[in-house]
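Reading the sequence shown from the start, the letters are residues 488 to 701 in the numbering used here.
Even glycine gets a Cβ: it sits at the ideal position worked out from N, Cα and C.
Remarks on the structure that follows.
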Amino acid sequence: MDTLLACLDLSSSREELQAVESRFQALCCLLTYLFVQVDTLSLEDLHAFIAQALCLQGKSLGQLMDLQLEHVDPRAVQLGSLLVRGLSMLVLVNSACGFPWSSSDFMPWNVFDGKLFHEKYLQSERGYTAEVLVEQDRSRLTRFHDLKSIVCKACVREDRRIVSRQHWRPHHSVAVQAGDAASNRPAPRGSAVRGVLQPWTQALRALTRQTVCL
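And the structure:
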C-alpha cells in the first residue's frame, strides 16, 4: 500500500484511507488524482461520482437496466469515460506495486455504472442535496461525507480546492485552459518509488490531459 500511495503522492492520506472499506479506497485515490490534475472538475462532479458508487452497491441488474434518463449530457458521458479509463490504468499501477488491493475492489462493474452515474450527474447539476443523491439512505449518507472528506482534504494538501461550478468564471474561459492546467501542474514530489513507477504515473497524467472540453 505504501508504494502505491507514494506513486500517487497520497502517502499523507494513508490513515484516512485505511478507515474506508477496501472497495472504496481505490476510488478515493483515483478521484483525488483526477481532481488534482484537472481544474475543471467541480464539487458537483465529485458528488455524482461518490453517490453513484455508493448507490450501485444496492442496485440489482434489473434496476440498473430500468433506469430512465431525461436526457443525455455529453459532459457526463465524457466524465464517465474518464473514470473508467482511470480505473483501467489503476489496474496496472496496482499490479506494479504488488497488488495491495484486490483487483475486484476497483473493477468498473463493482464501482461504476454509466447510466447510474448519468442520473446522479444530472441530479447533482440541478443542486440536489446529498440526502437525495444517496436515495435517503442514512448509512450511505455517512459514507458519502466520509469519502468526500478524504478526497477534498487530499486535494487541499496539493493546493487544489474543489468548488461548486456556480463559483466558476464563464465555462468557456475555464475549459480552454483545462488541458494546460493539467499538463503544467507540477509532478508529484519525487521519490525513488515514483521514479520506478513513472511510466504508469505518466500514463495517468496523459489521461487527464484529454479532458480539455470538460
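- Following the DSSP letters along the chain, one finds residue 494 inside the alpha helix (DSSP H) bounded by residues 489-494.
- Sixteen is the threshold: when 16 or more other Cβ atoms of the shown chains lie within 10 Å of the Cβ of residue 531, as they do, the residue is buried.
- Boundaries cannot be given for residue 554, as no alpha helix (DSSP H) includes it and DSSP labels it neither H nor E.
- Proximity to residue 511 across 595, 558, 564 peaks at 595, based on C-alpha coordinates.
- In this structure, residue 522 and residue 563 do not form a Cβ contact; the two beta carbons are roughly 16 Å apart against a cut-off of 8 Å.
- Between residue 573 and residue 632, the alpha-carbon positions lie close to 23 Å from each other.
- Boundaries of the alpha helix (DSSP H) harbouring residue 564: 561-583, taken from the DSSP string.
- Around the Cβ of residue 593, a 10 Å sphere holds 16 or more other Cβ atoms; the residue is buried.
- Residue nearest to residue 628 within the set 616, 525, 558 is 616 (criterion: CA-CA distance).
- In the structure shown, residue 625 adopts helical secondary structure according to DSSP, grouped into three states.
- Residue 581 has its alpha-carbon roughly 9 Å from the corresponding atom of residue 488.
- Taking residue 554 as the centre and dropping the five residues before and after it, the same chain places the C-beta of 602, 603, 606 closer than 7 Å to its C-beta, in chain order.
- Residue 619 carries a helical assignment under DSSP once its states are collapsed to helix, strand and coil.
- If only complete runs of 4 or more residues are kept, the stretch 492-531 shows the alpha helix (DSSP H) at 501-505, 509-524, in order along the chain.
- Between residue 566 and residue 517, the CB-CB gap reaches or exceeds 7 Å.
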